[in-house]
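Visitor: These protein sequence lines map, in sequence, to chains U and G. If you read the first sequence in our numbering, its first letter stands for residue 845, the second for the next number, and so on. If you read the second sequence in our numbering, its first letter stands for residue 294, the second for the next number, and so on. Beta carbons: idealized from backbone N, C-alpha and C, even for Gly. Here the structure is a predicted model, which means the values were calculated and not measured.
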Amino acid sequence: MAGITSFTRLFRWGGLIPFVAVVGGLWIGGYLFADVIARSLLQSNLTRIQGAQVDVGNADVAWQPFGLVVDDIQMTDPNRPSHNAVQVGQVAMQLDLWALLTGKVLVESLAVDELRFDTERASPGRVITRAPKPQREGPTAAQRAMDTVDLPSPRDALERHGPLETEARAAAATATRERVVGNVSERGENLPDDQTLASYRQRVEQLQNRNLNSLDAIQQVRAEVSELTAAVATDRLAMEQFLNSVESGQRDIRSALNELLAGPGEDIAAILNTYNLTPDGQIALAGLLLGEQWAQWIEQGQQWYATALPWIERLLERRRDSQQTERRGVDSYFVLFPEENPVPRFWLREARISAHTDGGDWGGRIVDLSSNPVLIDRPAVMEARSTRLDAAEAAQLDMIWDRRQGNQLDVQFNIDRWRVSGWQLDHDELPVGLRSAQTDMSLDASWQNGWTGGMNWQFGQTRFGMPAEWRSGNLLRQALESVNQFDVRADFSGNAVFPRTRWSSDLDDRVASAVRAAVGAQVAEWEGQLRAELDDRRRELEAPVRAELERLDAQRVEWERKRDALDNDVRAALASLEQRAVDERRAVEQRLDQERREAERRARQEIENRARDALRF
Amino acid sequence: MLGPFLGPVAKLLKAIASEAGPWQIAWGFALGMLLGVTPFWLHSVVILLLLMVLRVNFASALAGWALFGLFALGLDYGSHAVGEWWLTHPAWQDTWTALYQSRALQLWHFHNTLMLGSWVIGLLLLVPVAYLAYWSIPPLRLHVVPVLQKYHLLRANKANSWYGRFVNVWRRF
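In structure tokens form, the structure reads like this:
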């Protein structure tokens, strides 16, 4: 009895009443105010995630079946508080309550209707954190290139170009001329004058008239011939040296003149290059112009990708199949064990989305997006179809994300007959535009340990243009207007963190060709004017050099004639005189020898006669 | 800065100063500790039910809940580690798998690392905390309470607070 009493004293059964009152009160309060609580939680959490005010019009929690319907979600754009980044008309989801209570999120259905972007707000939203906006500094590469497109007058172009090669070479030619003149003058000082040359002829004539009838006379003539030959040889050497210096000087002057003649050509090439009007420069210019848009798109894409990257990494990562909880900041999780009908921690069976964009209306579907596709043995399928497009016939996106074996994502995106208009192909300050075009785009990419695939973009019926008030780029305008089709190809590679896109296009080639065709005639005319201007300057600069060359040539001809005359009139005569003296000497010696022998014979005869007479006696 | 601590301490001291038995105060404090170290979930409702129907001191339970709720901010990392170790221990997989087959048991979140670990620590601390509290009450009543009463620190118009009204109503049962 005592035990029963003490056991009874252990309890105060009356405490059940306040317990039921408190728990029941909480239950009823939760039931009654679930909508308000859900709306408040949604607003505060979405605002924290978005970094700007998020308004939720109404939230309705349904208990049987368990679900939530949220109306009119407006998410302020942190960079433009007067507008919503996203506005959703209604989100309705149906959840498995039992799964939710056991740590799993099983979304039976999700419908997102009236999704709109960039809508105007009734009043500006509060911004908590503003996303940094990338700023461009300084002129773009294309702008710098375009600044050089307009052609100045040839004279202005020459003035702006700075020191010309033609002028530098003319100065060099003048220096060469002066050096040659100095050398030639120095050599000219040793030349014989005309009187000396005449005296040589006179002396030769005198010697020729000499009577060579004795050895002494011959000896005398030979001595004089030798003396005269030596004098002539000295003067001839001087003449030869002079002629050599003249010829060498002429060679130097001609070389400098040739350099000078090539100067305008090099100046023209340099000027054309400065104005990007050489063939390479034209291609580079077109590449810069049209590459700017691709660069912007890539930059924009990379920004979007960077924003989405944490989500992508989270989804691509093969996490343990667990449910994160955020209580007190500890990464606790639910450990899942084998069961008869296993359910992944997260499973979106089907979602339906309808969106309205500036370009048209879209409908989309996501099926079987789960944290563990192996458990449900199905890949996630995402698809979007255009239901109405302003500027294209049709567009569709298909994605299959299969993580049953590894991690594979296949993406296909097509746009048919997209009528493009008013695309800015460059920076605001350089309003080059793709005025209109029709294009088919197809993208086929796969992810499996890296991105592979590519995108083809075929543009036709293209019309480029620039505003008429834009003062620069008339030549380019003509070129762009003549291009009516081009292709663009992008190849994807790299991993999830660092995707790579390699763009290629025949647009640059086509524009470069068109630039050459459109600009060619004008450039040729301009080049002709430039060349004429430079040739005038060259002629002016080369005139004294050419005059010197002609003077040297005349000197050379004159002294060659004198040298030849000396050779023919004097040296030949002296040689002949020498030979004659030799011949005469030989003849005199023969005669003397004959006379000697005759005298000896006669003497011998006389002696013999005298001896015979003596013997007779 | 000490504000969050002073409220629960004051409640505990008032409970000690009251005429409640030492075991009532000690077990109330221990059950409150269990509420504090474990995440709030269905079991919390059951512990609240026990606090209501058992003759334990409710004020000390609230003090224990608040004090160990703060203490759990640092204890959670250890609780999570203990729970993870146990749930992923190969020798226990069959047991957990068997328990996991019951969706009713899943509802108690025994397969959550933090929940299991905090339960383990809470249950291990339950009896020691109760005994520690029991042994601490007489010296506190002898030395601390008179001093506090001397300086009127434990006087409060309980009847004017919501808590006091609730306790007054409760005492009629």
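Under 9 Å, Cβ to Cβ, is there at least one residue of chain U near GLY376 of chain G?
Guide: By 1-based counting over the second sequence, the position of residue 376 of chain G is 83. With 9 Å as the cut-off, GLY376 of chain G counts as an interface residue toward chain U.
Visitor: Classify SER1326 of chain U as helix, strand or coil using the three-state DSSP reduction.
Guide: One-based indexing of the first sequence puts residue 1326 of chain U at position 482. If DSSP states are grouped into helix, strand and coil, SER1326 of chain U belongs with coil.
Visitor: So is ASN350 of chain G in contact with chain U if we call contact Cβ pairs under 9 Å?
Guide: In the second sequence, residue 350 of chain G corresponds to position 57, counting from 1. It does not; no Cβ of chain U falls within 9 Å.
Visitor: Give the straight-line distance between the Cα atoms of TRP1301 of chain U and THR1283 of chain U, rounded to the nearest whole angstrom.
Guide: Translated into the one-based positions of the first sequence, residue 1301 of chain U becomes position 457. Translated into the one-based positions of the first sequence, residue 1283 of chain U becomes position 439. Taking the straight line joining both Cα atoms gives about 7 Å.
Visitor: Just to confirm, is the Cβ distance from ALA1100 of chain U to ALA1016 of chain U under 9 Å?
Guide: Sequence index remark: in the first sequence, residue 1100 of chain U carries index 256 (1-based). Sequence index remark: in the first sequence, residue 1016 of chain U carries index 172 (1-based). Yes, these two residues count as a Cβ contact at 9 Å.
Visitor: In three-state DSSP terms, what is SER926 of chain U?
Guide: Along the first sequence, read from residue 1 onward, the residue named residue 926 of chain U stands at position 82. It is a strand residue.
Visitor: Counting Cβ pairs, one atom from each stretch, are 3 or more of them under 8 Å apart for the region 918-936 of chain U and the region 866-876 of chain U?
Guide: Not touching, per the Cβ criterion.
Visitor: Determine the direct distance from the alpha carbon of GLU1009 of chain U to that of PRO1388 of chain U, and round the result to whole angstroms.
Guide: Within the first sequence, numbered from 1, the residue matching residue 1388 of chain U stands at position 544. Within the first sequence, numbered from 1, the residue matching residue 1009 of chain U stands at position 165. Straight-line Cα distance between these residues: approximately 18 Å.
Visitor: When DSSP labels each residue in this structure, what does ARG1307 of chain U get in the three-state scheme?
Guide: Here residue 1307 of chain U refers to the residue found at position 463 when the first sequence is read from its first residue. In this structure, ARG1307 of chain U counts as strand in the three-state DSSP scheme.
Visitor: Please determine if the region 885-896 of chain U and the region 860-870 of chain U are in contact, where contact requires at least 3 C-beta pairs separated by less than 8 Å.
Guide: Touching, no.
Visitor: Determine, for TYR1189 of chain U, whether the minimum Cβ-Cβ distance to residues of chain G falls below 9 Å.
Guide: What you label residue 1189 of chain U is simply residue 345 of the first sequence in a count that begins at 1. Note that residue 1189 of chain U is Arg in the sequence shown, not Tyr. Closer than 9 Å: no.
Visitor: If we count the other Cβ atoms within 10 Å of its Cβ and call it buried at 16 or more, is SER270 of chain G buried or exposed?
Guide: Within the shown structure, residues of chain G are numbered from 294 to 466, placing residue 270 of chain G beyond reach of any answer.
Visitor: Helix, strand or coil for GLY947 of chain U, going by three-state DSSP, please let me know.
Guide: Indexing the first sequence from 1 puts residue 947 of chain U at position 103. Correct three-state label for GLY947 of chain U: coil.
Visitor: To the nearest whole angstrom, what separates the beta carbons of LEU368 of chain G and VAL330 of chain G, a pair I think is in contact under 8 Å?
Guide: By 1-based counting over the second sequence, the position of residue 368 of chain G is 75. By 1-based counting over the second sequence, the position of residue 330 of chain G is 37. Yes, they are in contact, since the Cβ atoms of LEU368 of chain G and VAL330 of chain G sit about 6 Å apart, within 8 Å.
Visitor: Strictly under 9 Å for the Cβ-Cβ distance: is TYR1177 of chain U near chain G by that measure?
Guide: The residue given as residue 1177 of chain U occupies position 333 in the first sequence. Yes, TYR1177 of chain U lies at the interface with chain G (some Cβ there is under 9 Å from its Cβ).
Visitor: Where does ALA1001 of chain U fall in DSSP's three states?
Guide: On the first sequence, position 157 is the one that residue 1001 of chain U refers to. Here ALA1001 of chain U sits in helix by DSSP.
Visitor: Quick one: is HIS404 of chain G near chain U, going by C-beta distance under 9 Å?
Guide: As a working note, residue 404 of chain G is residue 111 in the second sequence. For HIS404 of chain G, the answer is yes, since a Cβ of chain U falls inside 9 Å of its Cβ.
Visitor: Could you give the residue range of the beta strand (DSSP E) that holds ASN902 of chain U?
Guide: In the first sequence, the residue the question calls residue 902 of chain U occupies position 58. 898-907 is the extent of the beta strand (DSSP E) around ASN902 of chain U.
Visitor: Evaluate PHE333 of chain G with the Cβ neighbour count: other Cβ atoms within 10 Å of its Cβ, from every protein chain shown; 16 or more gives buried, anything less gives exposed.
Guide: Working through the second sequence from its first residue, we reach residue 333 of chain G at position 40. Classification for PHE333 of chain G: exposed.
Visitor: Mind the definition here: the region 1020-1037 of chain U touches the region 1076-1088 of chain U only if three or more C-beta pairs lie below 8 Å; say whether that holds.
Guide: Output reads yes: the region 1076-1088 of chain U touches the region 1020-1037 of chain U.
Visitor: Please work out which residues of its chain come closer than 8 Å, Cβ to Cβ, to GLN1094 of chain U, disregarding the five sequence neighbours upstream and downstream, and give them in chain order.
Guide: Indexing the first sequence from 1 puts residue 1094 of chain U at position 250. Once the five neighbours on either side are set aside, the close Cβ partners of GLN1094 of chain U are VAL1024, LEU1393, LEU1396, ASP1397, ARG1400.
Visitor: Nearest chain U C-beta to GLN442 of chain G closer than 9 Å, yes or no?
Guide: Here residue 442 of chain G refers to the residue found at position 149 of the second sequence. Output row for GLN442 of chain G: interface = no.
Visitor: If we count the other Cβ atoms within 10 Å of its Cβ and call it buried at 16 or more, is ILE1451 of chain U buried or exposed?
Guide: Taking the first sequence and counting its residues from 1, the one referred to as residue 1451 of chain U is at position 607. It is exposed - the Cβ of ILE1451 of chain U has fewer than 16 other Cβ atoms within 10 Å.
Visitor: Can you tell me whether DSSP reads THR388 of chain G as helix, strand or coil?
Guide: As a first step, residue 388 of chain G is located in the second sequence; it is residue number 95 there, counting from the start. Correct three-state label for THR388 of chain G: helix.
Visitor: Chain G beta carbons: is any one of them nearer than 9 Å to that of GLY947 of chain U?
Guide: Taking the first sequence and counting its residues from 1, one reaches residue 947 of chain U at position 103. Interface residue, yes.
Visitor: Could you pull out every residue in the same chain whose Cβ sits closer than 8 Å to the Cβ of GLU1091 of chain U, ignoring the five residues on either side in sequence?
Guide: Taking the first residue of the first sequence as 1, we reach residue 1091 of chain U at position 247. Here the set comprises ARG1400.
Visitor: Comparing the C-beta of PRO925 of chain U with each C-beta of chain G, is any distance below 9 Å?
Guide: Position 81 of the first sequence, counted from the first residue, corresponds to residue 925 of chain U. PRO925 of chain U does not count as touching chain G.
Visitor: So that I know if they touch, is there some Cβ in chain U lying closer than 9 Å to that of TYR393 of chain G?
Guide: Position 100 of the second sequence, counting from 1, holds the residue named residue 393 of chain G. Chain U, which has a Cβ nearer than 9 Å to the Cβ of TYR393 of chain G, makes this yes.
Visitor: Going by beta carbon distance, what residues of the same chain come within less than 6 Å of ALA1199 of chain U, once the five residues before and after it are set aside?
Guide: Against the first sequence, residue 1199 of chain U aligns to sequence position 355. Closer than 6 Å at Cβ, skipping near neighbours: LEU959, TRP1206.
Visitor: Can you pull the chain G residues whose beta carbon is under 9 Å from the beta carbon of PHE885 of chain U, in chain order?
Guide: The residue you call residue 885 of chain U lines up with position 41 of the first sequence. One detail in the question is off: residue 885 of chain U reads as Leu in this sequence, not Phe. In chain order: nothing, as chain G lies at least about 16 Å away.
Visitor: Going by beta-carbon coordinates alone, are PRO968 of chain U and SER926 of chain U separated by less than 9 Å?
Guide: By 1-based counting over the first sequence, the position of residue 968 of chain U is 124. By 1-based counting over the first sequence, the position of residue 926 of chain U is 82. Yes, the pair counts as a contact, with Cβ atoms nearer than the cut-off.
Visitor: Expressed to the nearest angstrom, what Euclidean distance is found between the alpha-carbon atoms of ASP1212 of chain U and ARG1222 of chain U?
Guide: In the first sequence, counting from the first residue as 1, residue 1212 of chain U sits at position 368. In the first sequence, counting from the first residue as 1, residue 1222 of chain U sits at position 378. Their backbone Cα atoms lie some 7 Å apart in a straight line.
Visitor: Using only the alpha-carbon positions, how far apart do TRP1295 of chain U and GLN1249 of chain U sit?
Guide: On the first sequence, residue 1295 of chain U is found 451 positions in, with the first residue counted as 1. On the first sequence, residue 1249 of chain U is found 405 positions in, with the first residue counted as 1. Each residue's Cα considered, the two are about 17 Å apart.
Visitor: By the three-class DSSP mapping on this structure, what secondary structure does GLN1282 of chain U have?
Guide: Locating residue 1282 of chain U in the first sequence gives position 438, where the first residue counts as 1. In the structure shown, GLN1282 of chain U sits in a strand (DSSP, three-state: E or B).
Visitor: Let me know the secondary structure DSSP gives ALA1128 of chain U once reduced to three states.
Guide: The residue given as residue 1128 of chain U occupies position 284 in the first sequence. Its pLDDT being 44, under 50, ALA1128 of chain U is placed unreliably in this model, and the value from its coordinates should be taken loosely. In this structure, ALA1128 of chain U counts as helix in the three-state DSSP scheme.
Visitor: Are the Cβ atoms of GLY357 of chain G and VAL438 of chain G separated by less than 9 Å?
Guide: Walking along the second sequence from the start, residue 357 of chain G turns up at place 64. Walking along the second sequence from the start, residue 438 of chain G turns up at place 145. No. Outside cutoff.
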